[in-house]
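Following: one structure in structure tokens, then a few remarks.
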Amino acid sequence: MSNIDREIEILTKATLLAGALLDAVTSKRESMLPKLKELEDEVKATQLEVHKNLKRLVIMTVNAAIRYCSSGKQSDAKLARRNGNEVAKELGRLKRLARRKGCD
């Protein structure tokens, strides 16, 4: 697995965990929060210079999910979902681009 594939996997895991945290019951959220914070550090450590927008969106998604977990505000949940949808669109766009270039 190449370094880029590993970093994309980290970004994907962080986004999926943030989404799962939004749908989890309160007791389960508390157990998921440390893992999400750990993934946040891994996301910040990625070197994806080409995909800075994707990295920024993932960080915003994770931060909104963490804020939702601590405050319980629905606006944070909405923001995390919206940013998560943008991450999915960006990953889809990158996948199509890779297919066109024959890198897939």
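Per my numbering, the sequence shown starts with residue 5, numbered consecutively. Just so it is clear, CB atoms sit at the ideal spot from N, CA and C, and this is done for glycine as well.
Sequence-distant partners of Ala-68 (beyond 5 residues in either direction) whose C-beta falls short of 7 Å from its own C-beta, in its chain, are Asp-80, Leu-83, Ala-84, Asn-87.
The continuous alpha helix (DSSP H) containing Val-47 extends over residues 30-49. Between Ile-14 and Val-66, the alpha-carbon positions lie close to 12 Å from each other.
The region 87-105 makes no contact with the region 35-52: fewer than 3 CB pairs, one atom from each, lie closer than 8 Å. Contact annotation, Leu-58 with Val-91: C-beta distance approximately 7 Å; criterion of less than 8 Å satisfied. Note on Leu-25: 16 or more other CB atoms within 10 angstroms of its CB, so buried under the neighbour-count rule.
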